[in-house]
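A.B. asks: Input: one structure, supplied below.
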Amino acid sequence: MDARSSETDLGPFDPHETRPHVGHGNTVAAWTAVTIIIVGCLVGALAFPLKAPWLFWTACAIAVIGLGVGKVLSMAGYGALPKYTEQAPTRTHAEGPSWSEHDR
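In terms of this note's numbering, the sequence shown opens at residue -19 and continues consecutively.
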């Protein structure tokens, strides 16, 4: 029996496996989007007692804008996983050729 294994079968879960921490949404994009959406909800909540349908629809627009702002910030690299801004590393002329180019 391995020192890492336990008496109970955990299936595919390995408690000793390390994975990168993605931040659970604690990013500029997430906080900004949620803040704007909450403001939209508060404005919408005010629209009901004031009996102002135009204010309700303005609140809906604010919430949709919050979603868009969050997506744009995420695409700009301010999200948990900046997939849109990462590029494969490339060699510069100063670094010299890679091994595959060197063997040619």
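Glycine included, every Cβ here is placed at the ideal spot set by N, Cα and C. This structure is a prediction, so every number in the text was calculated from the model and none was measured.
Restricting to Cα atoms, I'd like to know which of Ile18, Leu30, Gly57 is closest to Ala43.
C.D. replies: The sequence position of residue 43 within the sequence shown is 63, counting from 1. Taking only the C-alpha atoms, the option nearest Ala43 is Ile18.
A.B. asks: Would you call the CB atoms of Val87 and Tyr58 closer than 8 Å?
C.D. replies: There is no way to answer for residue 87, as the model of the chain reaches only from -19 to 84.
A.B. asks: For Ala60, which of helix, strand or coil comes out of DSSP?
C.D. replies: In the sequence shown, counting from the first residue as 1, residue 60 sits at position 80. DSSP places Ala60 in coil when its eight states are reduced to three.
A.B. asks: Which runs of the alpha helix (DSSP H) fall wholly inside the segment 8 to 38 and span at least 4 residues, in chain order?
C.D. replies: Entirely contained in the segment 8 to 38, the alpha helix (DSSP H) runs reaching 4 residues are, in chain order, 8 to 30.
A.B. asks: Can you give the Cα-Cα distance for Ala32 and Cys21, rounded to whole angstroms?
C.D. replies: Along the sequence shown, one-based indexing puts residue 32 at 52. Along the sequence shown, one-based indexing puts residue 21 at 41. If you take the alpha carbons of Ala32 and Cys21, they lie about 14 Å apart.
A.B. asks: What does the alpha-carbon distance come out to for the pair Val49 and Trp37?
C.D. replies: Within the sequence shown, numbered from 1, the residue matching residue 49 stands at position 69. Within the sequence shown, numbered from 1, the residue matching residue 37 stands at position 57. Rounded to the nearest angstrom, the two C-alpha atoms are 18 Å apart.
A.B. asks: To the nearest angstrom, how far is the alpha carbon of His10 from that of Leu30?
C.D. replies: Mapped onto the sequence shown, residue 10 falls at position 30. Mapped onto the sequence shown, residue 30 falls at position 50. The sequence given here has Ala at residue 10, not His. Whole-angstrom Cα-Cα distance: 30 Å.
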